[in-house]
Amino acid sequence: MQKISKIAVLTSGGDAPGMNPCIRAVVRTAIYNGLHVAGVRQGYQGLIDNNMYDMDPRSVSNILNLGGTILKTARCLPFRTDEGMETAYKNLKANGIDGLVVIGGDGTFTGALRFSKKYPDIAVIGVPGTIDNDLYGSTYTLGFDTATNTVIEAIDKIRDTADAHDRLFFIEVMGRDSGAIALRAGISCGAEAILLPERDTAIEHLIENLKAGQYNKKSSSIVIVAEGDKRGAYDLAEEVRKQVKFYDIKVTILGHLQRGGSPSAFDRILGSRLGFAAVNALIKGETQKMVGLEANHIKLTDLEEALTQHQFKLEEDLMEMSDILSI
5 MQKISKIAVL TSGGDAPGMN PCIRAVVRTA IYNGLHVAGV RQGYQGLIDN
55 NMYDMDPRSV SNILNLGGTI LKTARCLPFR TDEGMETAYK NLKANGIDGL
105 VVIGGDGTFT GALRFSKKYP DIAVIGVPGT IDNDLYGSTY TLGFDTATNT
155 VIEAIDKIRD TADAHDRLFF IEVMGRDSGA IALRAGISCG AEAILLPERD
205 TAIEHLIENL KAGQYNKKSS SIVIVAEGDK RGAYDLAEEV RKQVKFYDIK
255 VTILGHLQRG GSPSAFDRIL GSRLGFAAVN ALIKGETQKM VGLEANHIKL
305 TDLEEALTQH QFKLEEDLME MSDILSI
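The sequence shown begins at 5 in my numbering and counts up by one.
Put into structure tokens, the structure is as follows:
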């Protein structure tokens with residue numbers, strides 16, 4: 005079992021609310037256990053550029069309520085190369101670092117796993133930080149709850165103007181490979197239709213539902229479209245506009261506002277639990293693992309499994325319910 009004396013923590017890929025509470029938990033848990041901690045700025049790019057600094061308990065004061073990440077994040081193509089990884093490894097060794105906590109999504113974990121296999125003397129633990137909630141091994145990922153609440157708040161406001169003007173709004177939300185945000189936000193906001201990457205909704209069926217809603221005297225309609233839907237919100241709106249004449253049709257792309265904002269209580273606690281668990285996993289000699297939450301318990305999953313089993317299935321009852329409750 006490798007004894008850890010100093011760890012580094014970084015955030016990589018897209019930012020997600022809850023990353024800062026996780027960083028805070030990593031730093032303070034490590035120091036409580038007598039370890040030294042370095043923060044890495046700009047993700048894997050910071051490893052290559054040797055952009056690291058020593059952290060103490062006060063380095064993470066008053067960050068629980070902050071969105072984004074105090075360590076910053078970046079996409080880093082050089083880290084995908086052998087030369088880039090070698091530079092990162094040398095910088096870690098020069099700083100006396102023998103453990104690494106990486107917070108991010110599947111792209112982050114792919115790099116972490118490859119790096120750990122190449123340099124096994126650096127123990128690596130991953131923390132799932134992505135608003136898409138699409139990583140195997142954790143029921144919820146950091147940022148998903150906050151992002152969903154942000155979407156719900158935006159849709160509620162759009163519903164007000166839709167109702168005032170008898171409008172049909174197509175609202176596109178994030179979710180390239182997962183419809184998790186779209187599904188939960190759609191149910192929470194009473195959307196008339198929810199279009200997901202996980203299932204194919206025929207345009208004819210959508211139009212039938214909208215016509216049925218108009219027949220039932222609905223004064224407005226909301227259609228939620230996950231960005232991973234192959235047609236996209238604008239194309240769908242154009243197709244519907246040709247056949248649905250009783251609504252003024254508008255399109256809203258919520259975009260990156262879904263990533264920002266103060267993390268919810270759930271994401272603050274989840275980030276704290278996962279950061280705490282990540283450090284304890286390193287202390288126990290674990291490596292190439294992801295810490296996750298299943299059935300409200302912390303679970304360790306092999307990074308290899310988290311990536312190869314990359315299939316977060318949406319709940320069948322929620323998908324069935326979304327159709328029934330939209331009548």
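Glycine is no exception: its CB is placed at the ideal position from the N, C-alpha and C atoms.
Nothing here was measured: the structure is a model prediction, and the numbers come from that model.
*My understanding is that residue 128 touches residue 283, with C-beta atoms under 8 angstroms, so please give their C-beta distance in whole angstroms.*
Not confirmed; about 13 angstroms, so no contact.
_Delimiting residues of the alpha helix (DSSP H) encompassing residue 188_ = 184-193
*Where do the N-terminal and C-terminal ends of the alpha helix (DSSP H) with residue 298 fall, by residue?*
No alpha helix (DSSP H) holds residue 298; the beta strand (DSSP E) holding it covers 293-298.
*Close-in-space but distant-in-sequence residues of the same chain around residue 59 (CB under 6 angstroms, 5 per side omitted)*: 31, 41, 43
*If you compare alpha carbons, which of 308, 27, 61, 171 is closest to residue 245?*
171
*Thinking C-alpha only, which one of 304, 321, 280 is nearest residue 24?*
280
_With DSSP as the reference, identify every bridge partner of residue 42, one or two as the case may be._
12, 58
_If the criterion is Cβ atoms closer than 8 angstroms, does the pair residue 137 and residue 184 meet it?_
yes
_Could you compute how far the alpha carbon of residue 133 sits from the alpha carbon of residue 145?_
6 angstroms
*As assigned by DSSP and simplified to three states, the class of residue 246*: helix
_For residue 257 and residue 237, believed in contact at Cβ under 8 angstroms, the rounded distance_ = 7 angstroms
*So residue 81 and residue 50 are in contact, right, with Cβ under 8 angstroms, and what is the actual spacing, rounded?*
Not quite, the Cβ-Cβ distance comes to about 14 angstroms (not below 8 angstroms), so this is no contact.
_Am I right that residue 334 and residue 241 are in contact with their C-beta atoms under 8 angstroms? What's the rounded C-beta distance?_
In the structure as shown, the chain starts at 5 and stops at 331, and residue 334 therefore has no counterpart that could be examined.
*Contact check, residue 18 vs residue 263 under 8 angstroms by CB: the rounded distance?*
6 angstroms
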